[in-house]
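Residue numbers (the numbering used here): 1318 to 1427. We put the CB at the ideal spot given by N, CA and C, even for glycine.
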Amino acid sequence: MKQANSSPKHLSAASAAFYKSIISDYDLDEHHRVLLVKACESLDRVEEARALVAKDGLTYRDRFGGLKPNPACAIERDNKIIVARLFRELGLDLAGDGKTAPPSLPANRR
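Structure, rendered in structure tokens:
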């Protein structure tokens, strides 16, 4: 049986370590653990996209000689946004400045 603090096997070593640190520091419900896994997967996508951009560059020339952005730039950007939103949803304040807060519930759901 899977241990409560073990990370999903498909995560990179860095994301798995991050997952384990959050699980050990916070008391998360199962649905929060799902969000944490998704955030870690997106962190992995950011790093994969960053590696592609480092290898291939920010731009490329299309068949007409026009300069186009590397599609990996959009993957990196999109997954950074996903990570930030999931961290906010989980209430993780990684900066430690206390200024980040999870979104509040609408008045009719409090």
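- As far as DSSP is concerned, lysine 1326 takes part in no beta bridge.
- Following the DSSP letters along the chain, one finds leucine 1360 inside the alpha helix (DSSP H) bounded by residues 1347-1373.
- When beta bridges are read from the DSSP output, proline 1386 appears opposite Thr1376.
- Excluding its 5 nearest sequence neighbours in each direction, serine 1332 has C-beta neighbours in its own chain below 6 Å: Cys1357, Leu1360, Asp1361, listed in chain order.
- A residue is called buried when at least 16 other Cβ atoms come within 10 angstroms of its Cβ; asparagine 1396 meets this threshold and is buried.
- DSSP, read as helix, strand or coil, puts tyrosine 1343 in coil.
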